[in-house]
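Undergrad:
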Amino acid sequence: MVTSSAPGKVYLFGEHAVVYGEPAVPCAIEQRASVTAERRPEGLSVHSSDLTLDGFTVEYSGDAAGRPDVDVPDTLLEAAMGYVNEAVEQARDAADAPDAGFEITIESDIPLGAGLGSSAAVAVAAIDAATRELGVELSRGELADRAYRVEHTVQDGQASRADTFCSTMGGAVRVEGEDCRTTDAPDLPFVIGYDGGAGDTGALVASVRELRESYDFAADTVAAIGDIVRSGERALAEADVAEVGRLMDFNHGLLSALGVSSRSLDAMVWAARDAGAMGAKLTGAGGGGCIVALDDTSETATALDYTPGCERSFRAELDTDGVRVESDGAGGST
Ligand code: PMV
């Protein structure tokens, strides 16, 4: 039985534009998803009490097409099961053990579909735990690549490498197309506001694509986000946190122009700015979910807690570890 965990992330800059080849800079945060993989003779059984699916327990053998009999909305079930199924498939493929059966248990303190990279963290941790349980240790590069393939498949081809690379490596990373690398970042005082909701990443990515194809201003906006990311990288290299914050504000404005913000995300962004945050923006696909602000005082968190539409706020530390093994009692046999 092996347990691996992987961090969630916030986007400092560049979500959505990264889909069109612009750079993005996500940062891993210490909120983690933890996946335990244990061999069983065949099939797949998945247990979780944390994926916002209370008491979510699924047991079935067969493939993703066999819908398990549980009482949760199809979309949530499909999302959760899709990532786990594909991650297990990747592990079977990597270990050349196509028929390996698993019991998978997921624990996560990353809200599902809220822009903090829960699916990437689950995919990374699941592949790592399941391959180790089969006696195979993947390099971080291969792990990130296989986790990307999971997202690519589940999200119908609408995925960048940003989430999965960041969750695998930890720290701040820079992703531009296929080019993924770690990068230095100063200590950033992240405060997260969460509206309790979730956005539909696939639908939001598709809406930006449509806008970009229909209006020149939208294509220019995507390119302008790329310029902000490049300026943001310079500010990070100079450890100019105030400038990082200003650029985050601009980035939020441009995401809003692309139609991916929401009333509650805007309300949280403005509450953070009014409370003196150095910068605030939505993080991830948008539509609902989380904002990230920079504030080393407690003012932003307090203001968010009083903001209608904000369900909770919390401070997040940069995670420098990336994926890690929590416990390894693997037999090592396939
Ligand atoms: O909301 P998340 O954590 O799934 O992030 C989506 C980020 C996008 O740039 C909108 C899509 C992608 O795959 O990069």
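So the numbering used here is basically just the index in the sequence shown, starting at one, shifted up by 359. Ideal Cβ positions, reconstructed from N, Cα and C, are used throughout, including at glycine. No experiment lies behind these values; they were computed from the predicted model shown.
Measuring only the C-alpha atoms, how far is Arg683 from Asp522?
TA: Taking the sequence shown and counting its residues from 1, the one referred to as residue 683 is at position 324. Taking the sequence shown and counting its residues from 1, the one referred to as residue 522 is at position 163. When rounded, the distance between both Cα atoms is 16 angstroms.
Undergrad: If the criterion is Cβ atoms closer than 9 angstroms, does the pair Glu374 and Thr580 meet it?
TA: Taking the sequence shown and counting its residues from 1, the one referred to as residue 374 is at position 15. Taking the sequence shown and counting its residues from 1, the one referred to as residue 580 is at position 221. Cβ atoms of Glu374 and Thr580: not closer than 9 angstroms.
Undergrad: Are the CB atoms of Ile650 and Ile551 nearer to each other than 9 angstroms?
TA: Numbered from its first residue, the sequence shown carries residue 650 at position 291. Numbered from its first residue, the sequence shown carries residue 551 at position 192. Contact flag set, yes.
Undergrad: Along the beta strand (DSSP E) that carries Val651, what are the first and last residues, could you check?
TA: Along the sequence shown, read from residue 1 onward, the residue named residue 651 stands at position 292. Per DSSP, Val651 belongs to the beta strand (DSSP E) from Cys649 to Leu653.
Undergrad: Helix, strand or coil for Gln449 per DSSP?
TA: Numbered from 1 along the sequence shown, position 90 holds the residue referred to as residue 449. In this structure, Gln449 counts as helix in the three-state DSSP scheme.
Undergrad: Which residue or residues does DSSP assign as beta-bridge partners of Ser519?
TA: Locating residue 519 in the sequence shown gives position 160, counting from the first residue. The partner list for Ser519 (beta bridge, DSSP) is empty, contrary to what the question assumes.
Undergrad: Can we count Glu718 as close to the ligand PMV, meaning its CB is less than 8 angstroms from some heavy atom?
TA: As displayed, the chain neither begins before 360 nor continues past 693, which places residue 718 out of reach and without an answer.
Undergrad: Under three-state DSSP, which class holds Ala392?
TA: Here residue 392 refers to the residue found at position 33 of the sequence shown. Of the three classes helix, strand and coil, the one that applies to Ala392 here is strand, per DSSP.
Undergrad: For Thr541, which residues in the same chain have their Cβ closer than 6 angstroms to its Cβ, ignoring the five residues on either side in sequence?
TA: Numbered from 1 along the sequence shown, position 182 holds the residue referred to as residue 541. Met528, Gly530 and Val532, listed in sequence order.
Undergrad: Take every Cβ of the region 591-606, pair it with every Cβ of the region 627-645, and state whether three or more of those distances are shorter than 8 angstroms.
TA: Flag = yes, the region 591-606 and the region 627-645 touch.
Undergrad: Anyone know if the C-beta pair for Gly688 and Ala557 falls short of 9 angstroms?
TA: Locating residue 688 in the sequence shown gives position 329, counting from the first residue. Locating residue 557 in the sequence shown gives position 198, counting from the first residue. Cβ atoms of Gly688 and Ala557: not closer than 9 angstroms.
Undergrad: Keeping to the same chain, check which residues put their C-beta closer than 6 angstroms to that of Ser686; ignore five residues upstream and five downstream.
TA: Taking the first residue of the sequence shown as position 1, residue 686 is located at position 327. Closer than 6 angstroms at the Cβ level, and outside the excluded window around Ser686, lie Thr362.
Undergrad: Could you please give the first and the last residue of the uninterrupted alpha helix (DSSP H) stretch that includes His611?
TA: Taking the sequence shown and counting its residues from 1, one reaches residue 611 at position 252. From DSSP, the alpha helix (DSSP H) with His611 extends over Val600 to Ala616.
Undergrad: Judging by CA-CA distance, which residue of Ala601, Leu493 and Thr679 is the nearest neighbour of Glu397?
TA: Here residue 397 refers to the residue found at position 38 when the sequence shown is read from its first residue. For Glu397, the nearest C-alpha among the options comes from Leu493.
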